[in-house]
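**Student:** My questions all concern the structure below.
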Amino acid sequence: MKLSFPAVARVAAAFGLLLAALVPMAALAQDYPASHIPESDKQAIQNYQLNDDVFKRIVAVSQEAKAAGIKPSEAPTDFNKIHSLEDLANQVVSADPRIAPLIKKYGFTPRDFLLANLAVTNAAIASEAKSNPEMAKYVDQKKVNQANVAFYESHKAQISALMKESDDGK
């Protein structure tokens, strides 16, 4: 799957540990075949439900990560070591020793935090695909969690503010 994700990547970056995971996640989305992900992980991603509690905690992690100076990982993602969401989550957490305690503070496991960020990112992609025919070619509408797309769209103003805040902090 080859996609250009500039706006979607900015959405993801606005959500904290995708700050630390942005390089691995963008690479995963663009270069890692989805067939390598176990079906159970694909289902977990598709079925994850965003809600106000999760959103508030993601925002809190994002803001605290920014304040702590946690930056995107410069290390390349070793796809030979990624066979599941847990493997990817472990790479994200190992990028900076401050990440695991930060996400735990807000009630996330590394896997849950990754799922939440993937849910936001997938919802952003699906939302963008509604008005972008090129991106729509890559979105399987049967696998889109419409509730998450609706949640994302209802929080677009807040997400835009986070993106602006993230851009201003560069």
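When you line the sequence shown up against mature numbering (1 follows the signal peptide of the UniProt record, and there is no 0), it's residues -29 to -1, 1 to 141, in that order. Glycine is no exception: its CB is placed at the ideal position from the N, C-alpha and C atoms. Since we're looking at a predicted model, the values are computed, not measured.
Is proline 72 helix, strand or coil by DSSP?
**Tutor:** Along the sequence shown, one-based indexing puts residue 72 at 101. If DSSP states are grouped into helix, strand and coil, proline 72 belongs with the helices.
**Student:** How big is the Cα-Cα spacing for alanine 107 and asparagine 93?
**Tutor:** Numbered from its first residue, the sequence shown carries residue 107 at position 136. Numbered from its first residue, the sequence shown carries residue 93 at position 122. If I take the Cα positions, the gap works out to 12 Å.
**Student:** By DSSP, does phenylalanine 79 sit in helix, in strand, or in coil?
**Tutor:** If you number the sequence shown from 1, residue 79 lands on position 108. Here phenylalanine 79 sits in coil by DSSP.
**Student:** Could you spell out where the alpha helix (DSSP H) holding alanine 66 opens and where it closes?
**Tutor:** Walking along the sequence shown from the start, residue 66 turns up at place 95. Alanine 66 -> no alpha helix (DSSP H), and no H or E assigned at all.
**Student:** Once DSSP output is grouped into helix, strand and coil, what is the label at alanine -4?
**Tutor:** Numbered from its first residue, the sequence shown carries residue -4 at position 26. Interpretation of alanine -4 is limited by its pLDDT of 40, a score under 50 that renders its predicted location unreliable; the figure taken from the coordinates is listed afterwards. Reduced to three states, the DSSP call for alanine -4 is helix.
**Student:** Is DSSP giving serine 11 helix, strand or coil here?
**Tutor:** The residue given as residue 11 occupies position 40 in the sequence shown. The answer is helix: DSSP assigns serine 11 an H, G or I state.
**Student:** Please classify valine 88: is it buried, with 16 or more other beta-carbons within 10 angstroms of its beta-carbon, or exposed?
**Tutor:** Sequence index remark: in the sequence shown, residue 88 carries index 117 (1-based). Note on identity: in this sequence residue 88 is asparagine, with valine being the wrong assignment. It counts as buried.
**Student:** Once you ignore the five residues that flank aspartate 58 on each side, which residues in its own chain have a CB closer than 8 Å to its CB?
**Tutor:** Counting from one through the sequence shown, the residue named residue 58 turns up at place 87. So the qualifying residues of the chain are Lys52.
**Student:** Determine contact between the segment 67 to 78 and the segment 22 to 37, defined as no fewer than three beta-carbon pairs at a distance below 8 Å.
**Tutor:** The answer is yes - the segment 22 to 37 touches the segment 67 to 78, with three or more Cβ pairs under 8 Å.
**Student:** So, with DSSP's three-state summary, where would you put valine 110?
**Tutor:** On the sequence shown, residue 110 is found 139 positions in, with the first residue counted as 1. DSSP places valine 110 in coil when its eight states are reduced to three.
**Student:** Aspartate 24 by DSSP, collapsed to three states: which one?
**Tutor:** Counted from its first residue, the sequence shown places residue 24 at position 53. The answer is helix: DSSP assigns aspartate 24 an H, G or I state.
**Student:** Between which two residues does the alpha helix (DSSP H) containing serine 125 stretch?
**Tutor:** For the purposes of this step, residue 125 is taken as residue 154 along the sequence shown, with counting starting at 1. Unbroken alpha helix (DSSP H) run through serine 125: 117 to 125.
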